[in-house]
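See structure below.
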Amino acid sequence: MAMPTGAKPEEEDEPLPGFEEAAGRSARTSQPEPHYLGHRERLKARFLTGGPESLPDYELLELVLFRTLPRGDVKPLAKHLIATFGSFADVLAAPFERLVEIKGIKEATATDFKVVEASARRFAKGAIAKRTVLSSWSNVIDYCRTAMAFDDKERFRILFLDKKNALIADEVQQSGTVDHTPVYPREVVRRALELRATALILVHNHPSGDPTPSRADIDMTRTIADIAKPLGIAIHDHVIVGRDGHASFRGLKLL
Numbered sequence: 368m369a370m371p372t373g374a375k376p377e378e379e380d381e382p383l384p385g386f387e388e389a390a391g392r393s394a395r396t397s398q399p400e401p402h403y404l405g406h407r408e409r410l411k412a413r414f415l416t417g418g419p420e421s422l423p424d425y426e427l428l429e430l431v432l433f434r435t436l437p438r439g440d441v442k443p444l445a446k447h448l449i450a451t452f453g454s455f456a457d458v459l460a461a462p463f464e465r466l467v468e469i470k471g472i473k474e475a476t477a478t479d480f481k482v483v484e485a486s487a488r489r490f491a492k493g494a495i496a497k498r499t500v501l502s503s504w505s506n507v508i509d510y511c512r513t514a515m516a517f518d519d520k521e522r523f524r525i526l527f528l529d530k531k532n533a534l535i536a537d538e539v540q541q542s543g544t545v546d547h548t549p550v551y552p553r554e555v556v557r558r559a560l561e562l563r564a565t566a567l568i569l570v571h572n573h574p575s576g577d578p579t580p581s582r583a584d585i586d587m588t589r590t591i592a593d594i595a596k597p598l599g600i601a602i603h604d605h606v607i608v609g610r611d612g613h614a615s616f617r618g619l620k621l622l
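Per the numbering used here, the very first residue in the sequence shown carries number 368; after that it's consecutive.
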């Protein structure tokens, strides 16, 4: 189909440096083809037969990179991304602006990463939606970690539950800085009353990675619980998530 006059072709990330030159040499000489030419198919086959657990982080990242970098050896780029950001999850959660600063990553690839990240969050949320939350606690923790553990700013999230402990709403009430989020206990309880929630699970993240509750976290949680209790609203738990794991106030006997 002919492209309309003046229309720009859809942006595609350029092939990685060295690919076209290597391909040209292979065509002109009898030298062996570059080692990575069969690598993509072998990696896809390993993924399909062994599942994602059979691949280290950088190889799983290669599979994502294949989508927008259709040619060339992406293994060095995948390893560089892991070394820069820390893990597969850290790469996907990295800010868009930081991703496009990496040589070899353009907007198309950075956008693809953000789509995969959003898909993971939506999938994790689906595991707790319209279900009895307290009977699938591991899914709740997985969702909280997927949604917040790798954020670079503190966020305060509330899961509002009905009398059967099914999820009514999931809302981020406040966003803050790298080490602080303002929380207003009366606003938390007011919103619970609006939604007719009878129980809450409080969640926030520590961008430092360490989920250990601070004194301020403990005091804030107890203040919310004291205001909510006379109104018939229970605080089931306050979960703090970070790259290094999670902490449950209920499990630590802080509630």
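Just so it is clear, CB atoms sit at the ideal spot from N, CA and C, and this is done for glycine as well.
Since this is a predicted model, take the numbers as computed values, not measurements.
Supposed close pair residue i, residue j - CB separation, criterion 8 Å
i	j	result
Phe-527	Ala-533	In fact, because the Cβ distance is near 10 Å, the residues do not count as touching under 8 Å.
Leu-448	Ile-469	7 Å
Pro-578	Gly-612	6 Å
When the options are compared against residue i, the one with the closest alpha-carbon
i	options	result
Arg-489	Glu-464, Lys-473 and Met-515	Met-515
Asp-479	Glu-521, Arg-434, Leu-562 and Leu-444	Arg-434
Gly-618	Ala-460, Arg-610, Pro-597 and Pro-580	Pro-580
Leu-459	Thr-513, Ser-542 and Leu-622	Thr-513
Arg-557	Ala-487, Val-507, Ile-472 and Lys-596	Lys-596
Ser-505	Val-606, Leu-621, Arg-610 and Leu-622	Val-606
Arg-553	Ile-594, Leu-622 and Glu-561	Ile-594
Asp-623	Tyr-551, Lys-520 and Arg-563	Limits of the chain in this structure are 368 at one end and 622 at the other, which puts residue 623 out of reach.
Asp-424	Gly-405, Arg-438, Glu-408 and Ala-450	Ala-450
Leu-598	Val-608, Leu-621, Gly-576 and Val-555	Val-555
Own chain partners of residue i with C-beta closer than 6 Å, once the 5 adjacent residues on each side are dropped
i	result
Asp-518	Asn-572
Ala-592	Ile-602
Val-539	Arg-522 and Arg-524
Gly-576	Gly-609, Arg-610 and Asp-611
Same chain, Cβ closer than 7 Å to residue i, five either side skipped, listed in chain order
i	result
Arg-413	Ser-421 and Leu-422
Ala-461	Phe-452
Leu-466	Ile-472, Ala-477 and Phe-480
Pro-419	Leu-427
Arg-407	Phe-433
Asp-457	Phe-517
Glu-484	Leu-459 and Ala-460
Val-550	Phe-523, Gln-541 and Met-587
Ile-585	Leu-621
With 16 other Cβ atoms within 10 Å as the buried cut-off, status of residue i
i	result
Ser-604	First, the amino acid is wrong: residue 604 is Asp here, not Ser. Per the 10 Å Cβ criterion, buried.
Ala-583	exposed
Leu-482	First, the amino acid is wrong: residue 482 is Val here, not Leu. Flag for Val-482 reads exposed.
Arg-610	buried
Ala-614	buried
Gly-439	buried
Proximity of residue i and residue j at Cβ, strictly below 8 Å
i	j	result
Ile-600	Thr-565	yes
Ala-366	Leu-569	The chain is shown from 368 up to 622; residue 366 falls before or after that span and cannot be answered.
Thr-588	Phe-616	yes
Tyr-510	Lys-531	no
Leu-430	Leu-415	no
Leu-427	Phe-463	no
Lys-520	Ser-542	yes
Close beta carbons around residue i, own chain, < 8 Å, minus the five adjacent residues each side
i	result
Leu-432	Val-441, Leu-444, Ala-445 and Thr-476
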